[in-house]
Structures are given as structure tokens and as C-alpha cells.
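Reading through the C-alpha cells given below for one structure.
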Amino acid sequence: MSGFLDALLFQAGYNAALVALGATLLGFAAGAGGSFLFLRKRALVSDAVAHATLPGVGIAFILMVAFGGDGRSLIGLLAGSAVSAWLGLLAVEWMVRRTRLPEDAAIGAVLSVFFGLGVVLLTVIQGMSRGRQAGLEDFLLGSTAGMLRQDAILIAVGGVLIVGAIWLLRRPMTLVAFDPAFAAARGVDVRRVDLAMMGVVLAVTVIGLKLVGLILIVALLIIPPVTARFWSERAESVVWIAGAIGGVSGWIGAAWSASAPALPTGPIIVLVATGAFAVSLMLSPARGVVAAVMARRAFQTRVHRRQGLLALARSEPIHDRLTLKILRNEGFLRPDGVATEAGQRACARIARDEQRWSVARRLHHDTGLTGRYDGLTPITDVFTPDEIAWIDSNIASEGAA
Amino acid sequence: MGAEFVQFSLTPILIGIFASVACALPGNFLILRRQALIGDAISHVVLPGIVVAFLITGTVATWPMLAGAAGAALVAVVLIEAVRRLGKIEPGAAMGVIFTSLFAGGVLLLEQSDTSNVHLDVEHALMGNLEQLIWLRADGWASLLDPIALSHLPPELPRMAIATLIIAALTWVFWRPLKLSSFDEGFARALGLPVNLISLGLVAAAAAAAVAAFDAVGSIIVIAMFICPPAAARLMTNRLGAQVGWSVVFATLSAILGYILAGYGPLWLGASNSVSAAGMVAAVSGVILALACLFGPARHRVGVAAGG
Numbered sequence: 001m002s003g004f005l006d007a008l009l010f011q012a013g014y015n016a017a018l019v020a021l022g023a024t025l026l027g028f029a030a031g032a033g034g035s036f037l038f039l040r041k042r043a044l045v046s047d048a049v050a051h052a053t054l055p056g057v058g059i060a061f062i063l064m065v066a067f068g069g070d071g072r073s074l075i076g077l078l079a080g081s082a083v084s085a086w087l088g089l090l091a092v093e094w095m096v097r098r099t100r101l102p103e104d105a106a107i108g109a110v111l112s113v114f115f116g117l118g119v120v121l122l123t124v125i126q127g128m129s130r131g132r133q134a135g136l137e138d139f140l141l142g143s144t145a146g147m148l149r150q151d152a153i154l155i156a157v158g159g160v161l162i163v164g165a166i167w168l169l170r171r172p173m174t175l176v177a178f179d180p181a182f183a184a185a186r187g188v189d190v191r192r193v194d195l196a197m198m199g200v201v202l203a204v205t206v207i208g209l210k211l212v213g214l215i216l217i218v219a220l221l222i223i224p225p226v227t228a229r230f231w232s233e234r235a236e237s238v239v240w241i242a243g244a245i246g247g248v249s250g251w252i253g254a255a256w257s258a259s260a261p262a263l264p265t266g267p268i269i270v271l272v273a274t275g276a277f278a279v280s281l282m283l284s285p286a287r288g289v290v291a292a293v294m295a296r297r298a299f300q301t302r303v304h305r306r307q308g309l310l311a312l313a314r315s316e317p318i319h320d321r322l323t324l325k326i327l328r329n330e331g332f333l334r335p336d337g338v339a340t341e342a343g344q345r346a347c348a349r350i351a352r353d354e355q356r357w358s359v360a361r362r363l364h365h366d367t368g369l370t371g372r373y374d375g376l377t378p379i380t381d382v383f384t385p386d387e388i389a390w391i392d393s394n395i396a397s398e399g400a401a
Numbered sequence: 001m002g003a004e005f006v007q008f009s010l011t012p013i014l015i016g017i018f019a020s021v022a023c024a025l026p027g028n029f030l031i032l033r034r035q036a037l038i039g040d041a042i043s044h045v046v047l048p049g050i051v052v053a054f055l056i057t058g059t060v061a062t063w064p065m066l067a068g069a070a071g072a073a074l075v076a077v078v079l080i081e082a083v084r085r086l087g088k089i090e091p092g093a094a095m096g097v098i099f100t101s102l103f104a105g106g107v108l109l110l111e112q113s114d115t116s117n118v119h120l121d122v123e124h125a126l127m128g129n130l131e132q133l134i135w136l137r138a139d140g141w142a143s144l145l146d147p148i149a150l151s152h153l154p155p156e157l158p159r160m161a162i163a164t165l166i167i168a169a170l171t172w173v174f175w176r177p178l179k180l181s182s183f184d185e186g187f188a189r190a191l192g193l194p195v196n197l198i199s200l201g202l203v204a205a206a207a208a209a210a211v212a213a214f215d216a217v218g219s220i221i222v223i224a225m226f227i228c229p230p231a232a233a234r235l236m237t238n239r240l241g242a243q244v245g246w247s248v249v250f251a252t253l254s255a256i257l258g259y260i261l262a263g264y265g266p267l268w269l270g271a272s273n274s275v276s277a278a279g280m281v282a283a284v285s286g287v288i289l290a291l292a293c294l295f296g297p298a299r300h301r302v303g304v305a306a307g308g
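Protein chains in written order, with my numbering: chain P, 1 to 401; chain H, 1 to 308.
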């Protein structure tokens, strides 16, 4: 546990601290950048981009070896992956524009074909004399073991640059993500903003290859935005909340994985984010499951209380168990089924409310107000006191007549 | 094309063909329903499934692995649906949350458990071992009639063949309801067809195909075959029957060409090592799809001018 705390406070050694810092920045960039894609309802495009990096890594390695290098320079491999990911993205766009295939089919096709090609290249590299220790398989799931100092700095600097780009482009990207038709009407070049969004996603993917790997970087682009959506209805706050969730997941995940053996960094970061998602799904005040269940229970209680009291007021028998339970628990009903004093007062109040409503719905002109009768809302919430006095005087004169 | 071919290439090619066709058949309907990526999701969650099966049974036997994979696919489908409904999240994002989380869980479990003495790793689940499904007892085409040699066929071959036949039979039996509910769900519902049940059955069949195939050929072929042959076929014709036919042809072609190019291609180029057959099959299916995108007679959307 103290190992975990040390790692959280960047005290677990220089390398671990660099990894944690890089993971935090990468998580923030991925969460914020992924939000635009999620709001644009194109979250899974990132899956195609991520898988399309693999052939680029292979070709970059082969080229670097062919020109006499040892082929393991991270920046060279990442440049190669960026090129092939860009080609993959163009292939998706091209298929959607030029053929009748829907976007999900294009995503799946690019994802599987580029990945297959990448695997072919990996086996070619394994057959090369220099390829045996290439360690390119690390790009599938990421690997922080033996990460060089310059690799960590590359990831950290890349993360900062991406966050800066997102901050600069936040207005047009929010506009396009939220309502592309409106953005186009405002004169925003939707296609170019879309490309910028994709550029951000691509940069996150490439920077994240070494740390979390190409299969799981998708998770960092999707899970934080989906989680953030539970906590805000505003597009721009979703972006920054998602960035914060991604950043914290990266930080905690990297620290956790540094604190004990056999805890691979990428999967741990993803699972921390998944934990945040699960908690939000349950506990979010506006959209969470618990809130929905409680709202439903509260509504149910209101209906049963009102109908139960009305039945009591009319001296009708109550058979529904839930109604009986609610009335007893609230002290309106004695165990033998007779109304208590409080119950009689509540009955009288409800009965008067119903009577006022029936008069108001017959006599009042404004259907916008009388239409709010739903058998639940007290009339005092809808009409002003002097209107209620007018209703009462009508009741009195009808009673006299 | 002698004894060596029968020994080393015939069975992998046949297994590849069966696996490809088994995935391509349900893939046709998934593409029409805009559910193409469900195959991708299922093949990611196979990993946690087989790891859990290994942790429970302690062996890498076939049937526990298949059961684990099927169970994981089921769990994933239920979770995706739950997240979609409870959280009111669009299906693509719900899928992305669940399959990546389950995959991460699978990798973590794999790292945490002691699998050093068994053959179980991520790369195996991704790439399969098509090249190793050889028929050592064969010594020529005559072995096809030799019951002793036949009894030493790799067990994946009959298993995959049966799975493919079952899926083909299901497609044939449920052809009309599948067709109706894929093209016009509202109309199918009005006719009284159990639309939700059909949808669930299709996903279950796809999961079964994926689970049966991944063990022999790996996830890459599974994902590629769910999408590429049906997508290419969709660009060839406007008739569903012809589309399914084309997709079977494309899947078969990808499996044969992919395996041959992977096994013999590098030799033709002067290299000594063969390359990954699974990857090559996926790549060939991609080439076929690219050709269909460029030249397929039905490649345009209805209402869009040719060349537009």
C-alpha cells in the first residue's frame, strides 16, 4: 500500500514518476479529445484508427533497418504509425463517401484489414535477423517496462501539445460535435473541423501506443467521455470533465501498476476508468440508476398516498398492500385499518383539494392551468390564493343552492 | 500439388474456408442491420472468456475454452444492452466501453495467473495457429480414403465443418424472417414476427461462429470475415440471395489465396520464412473489398449519380 502511495506522489523512482506523469497527460488528452468523437456519435472510428497504426509500425521498422539503423527508435516507429493510421482514416472516409457501405462496416473493414496486414509485417520482421528482439508486439498492449527516459518525455510533451490543440480548437469542435448542420449554417467548415478532430484522436493514439497499446487506447478515448456525460448536460464541460477523468485514471492506474508486479499499466488504467464509469452509471444525480430508481419510488409513493387518502375520505375499502403500508408508515392509518387523527386531517385536505380541482376545471377559463390536473399536484401549487378564494366561494354558493 | 500439399496445406485451407464462411454468413445480416462491429466486440471478449475458463479448469482443453468464450460473449452482449438502456448511451459507445473493459480485464487476469507452462497468450488469441493444423498422417491424396489417416485429422476440421453446416442450415431455415426483419423491422413487426428474438438469435449465431472459429484461426480472421466479404458482396448486387452467394465466394477466395500467399508467397520472393496466414487472409479480403469498392456494379447509394 505504501508503494502505491509513493507512486501516487511521484516518489517511486524517477522512471515510475515519468511514466505516471506521461499517463496522466495522455489520459487527459484522450478523455478530452475522445469527447468530441463521442458527442459526434462516431466513438468507434477511434477503433479503426488505433488498429490501423500497426502496419505503419512494421514498415517504419523495416525501413529504418534497411537504412542501417537498429529500427527501435520510438519517434520513427510512431511517425510510421501516424502515417498508416491516417491512411486508415482516409480509407474509412473514402468508403463512406464513395460507396453505399455504412460507417460501421467501413470501420470494421479498415480495422481488420490493416491489423491483418500489420500482423503479416510483424511475422516478416520476426524472420529478419535484426527483428527477433524488436519487441514490436509491445505496441499491441503497451509496455512500460524498460521505457527509456526520452520515450517518457516524448509522451509527456505530446500530451501537452494535444491538450493545447484541443484548447485552441474547442469552440469549433464543440459546435460541430454538437450540431453539425447548425455549424455549417454558421459558416464553419465542418469537414475541416472533422479532420482536426480526427487529427487529435490520431495524435492521442500514436502517443498512447507505447504506454497502453493499440488495442486499449480506444478505451481511453471512449470511457472517460461516456462517464463525463453522466455529470453534465453542457458539451464543453463534458470535454473537460472527460479530460479530468482520463487524467486521474492515467495517474492512479500508472501508480497502481508501478506498486506491484504483474499489473500491466494499460489494462490497469483502463480498469480504473471503467470503475469511474460504473460508479457514475449508478450514482450520477441526473442520469444514474440509483437516482432513477429513487425518483420512481418517490413517484409511486405519492400516487399511492394520494389515492389511499382519497379512498379513506370516501370510506372506500383499501386492498392494495403497498398503499396500506405507505399509509401506516406515515401514521395516517392504525393497524386495524381505521384512520388516525393525522390521517383524518390529511383525508380532509385531499378531499378538499379534489373538490376545488373539480370546480376549477368546470369554471376556470385558462385550460393551460386547469390542464395541469393530474391527480397528484396540489391545487395550491397552480392557482394563486385569491383564485382559490374565488373557487371556495363558488363551492360555498353551490353548496347553498 | 503432391503429398506435401495434402500434409501441410490441405487441412489449414479447409479449416480457413469453413471458418471464413461461418463468419461471413451472419455477417451479411449484421451489415444490413448496422451491427457490423458486434463481431469485433465479441472477438475482443473471447480473451477474458478463455482466461476465466483456464483459471477454473486449470487446463487449456478445447471444450472449457469454447464454453468460456461463449459465456463471455453472452455476458458482453447483456452488458452492452444494459449500459445502452440504463445509461441511455448510443450503441457504438456502449459497445466501446464494454468490450475494451472486458479485454483489459482479460489481459490483467492473464498477467496475474501462472500461465508460463501452458500455451495461452494474447497473440495466440489474436492470430490463431492456422499453420499448425497440419495432417501429419497423410501421405498423398489417397489418404482421403484411408480411414486410419482420416482418424488423425486435426480435430478442428470436423468441428469447424459442423459449426459451418449448422450456421448455413440456420440461415436457410430462418431466411425469410431474417430478410424481412433486417430490411424493414417495422413491417416485420407488423406481420407479427418476433423481431427482438430474431435479432438476439442472429447475434447468438454470430457469437457461436466467432467462438468456434477463433480457436482455430484467431480473432483477426473472425473480424475480417464478419465484415469484408459481406461488405464486398453488398457492392456487387441488390439481391440478398446473390449477396450471400457472393460473400461465400469471397470468403472462400480470401481463405485459399491468403493461406497460399502466406505460405508460399515469401518463397517466391526469395525469403525463407512464411508469414502469418491469419493476417494474410484478412489482407486478401481487404483487397477484394477494395476492388469491389472501385468496380462493384452496385457500389453507389441509390439516388447518387454514378461517379458522384
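By construction, the Cβ of each residue, glycine as well, lies at the ideal position given by its N, Cα and C atoms.
Would you call the CB atoms of residue i and residue j closer than 8 Å?
i: Leu26(P); j: Ile155(P); result: yes
i: Leu54(P); j: Asp151(P); result: no
i: Ser46(P); j: Ala228(P); result: no
i: Phe250(H); j: Ala262(H); result: no
i: Phe5(H); j: His44(H); result: no
i: Phe38(P); j: Val226(P); result: yes
i: Val195(H); j: Val120(P); result: no
i: Phe103(H); j: Pro64(H); result: no
i: Ala30(P); j: Gly253(P); result: no
i: Val46(H); j: Ala163(H); result: no
i: Ser284(P); j: Trp231(P); result: yes
i: Met249(P); j: Val272(P); result: Looking at the sequence provided, one finds Ser at residue 249(P) rather than Met. In this structure, Val272(P) lies closer than 8 Å to Ser249(P) by Cβ.
i: Ala24(H); j: Val248(H); result: yes
Applying a beta-carbon distance threshold of less than 8 Å, which residues of chain H neighbour residue i?
i: Pro102(P); result: Ile31, Arg34 and Ala36
i: Leu117(P); result: Gly279, Ala282, Ala283 and Gly286
i: Leu141(P); result: Val107 and Val122
i: Leu281(P); result: Val83, Leu86 and Gly87
So what does residue i bridge to, in DSSP terms?
i: Ala339(P); result: Leu333(P)
Could you list which residues in chain P have their beta carbon closer than 8 Å to that of residue i, in chain order?
i: Asp40(H); result: Asp47, Gly108, Leu111 and Ser112
i: Arg176(H); result: Simply none; closest approach about 24 Å.
i: Thr252(H); result: Chain P residues near Thr252(H): none, gap ~17 Å exceeds 8 Å.
So with CB distances below 7 Å, who are the chain P contacts of residue i?
i: Cys293(H); result: Met95, Arg98 and Thr99
i: Arg301(H); result: Arg100
i: Ile227(H); result: Ala105, Gly108, Ala109 and Ser112
i: Arg234(H); result: Leu101
Could you pull the start and end residues of the alpha helix (DSSP H) that residue i belongs to?
i: Phe183(H); result: Trp175 to Phe183
i: Arg314(P); result: Here Arg314(P) belongs to no alpha helix (DSSP H), and DSSP marks it neither H nor E.
i: Ile252(P); result: Ala235 to Ser259
i: Thr99(P); result: Careful: Thr99(P) lies outside any alpha helix (DSSP H) and carries neither H nor E.
i: Ile288(H); result: Ala277 to Phe295
i: Val45(H); result: Ile38 to Thr57
i: Tyr14(P); result: Tyr14 to Leu39
i: Ala389(P); result: Pro385 to Ala400
i: Arg191(P); result: Val190 to Arg229
i: Val382(P); result: That residue, Val382(P), is in no alpha helix (DSSP H); it is neither H nor E in DSSP.
i: Ser46(P); result: Val45 to His51
i: Tyr264(H); result: Leu240 to Trp268
i: Ile98(H); result: Pro91 to Gln112
Could you list which residues in chain H have their beta carbon closer than 7 Å to that of residue i, in chain order?
i: Phe36(P); result: Per Cβ cutoff of 7 Å: no residues; Phe36(P) is ~13 Å from chain H at best.
i: Phe277(P); result: Val97
i: Glu137(P); result: Glu123
i: Ala262(P); result: Glu111 and Gln112
Mind listing the chain H neighbours of residue i? Cutoff is C-beta to C-beta under 9 Å, in chain order.
i: Leu44(P); result: Leu37, Asp40, Gly92, Ala93, Met95 and Gly96
Using a C-beta to C-beta distance shorter than 9 Å, which residues of chain P count as neighbours of residue i?
i: Ile166(H); result: Chain P residues near Ile166(H): none, gap ~24 Å exceeds 9 Å.
Taking a cut of 7 Å between CB atoms, which residues from the region 283-307 of chain P lie near chain H?
Answer set for the region 283-307 of chain P: Arg287 and Val289.
Using a Cβ-Cβ cut-off of less than 9 Å, list which residues of the region 129-148 of chain H approach chain P; keep chain order.
Cβ proximity to chain P below 9 Å picks out nothing from the region 129-148 of chain H.
Listed from N- to C-terminal order along the chain, which residues in the region 202-224 of chain P have their beta-carbon within a distance smaller than 7 Å of any beta-carbon of chain H?
Identification of residues in the region 202-224 of chain P having a C-beta nearer than 7 Å to some C-beta of chain H yields Ile215, Leu216, Val218, Ala219, Ile222 and Ile223, given in sequence order.
Chain P contacts made by the region 210-224 of chain H, where a contact means CB separation under 7 Å:
For the region 210-224 of chain H, which is checked against every Cβ of chain P, the residues closer than 7 Å are Ile220, Ile223 and Ala224.
Please name the residues in the region 332-359 of chain P whose beta-carbon is closer than 7 Å to at least one beta-carbon of chain H, in chain order.
Sequence-ordered contacts of the region 332-359 of chain P with chain H are nonexistent [C-beta pairs closer than 7 Å].
Using Cβ-Cβ distances below 8 Å, what residues of the region 319-331 of chain P are close to chain H?
For the region 319-331 of chain P, which is checked against every Cβ of chain H, not one residue is closer than 8 Å.
Closer than 8 Å, Cβ to Cβ, to anything on chain H: give me those residues from the region 48-80 of chain P, in chain order.
Across the region 48-80 of chain P, no CB contact with chain H closer than 8 Å is found for any residue.
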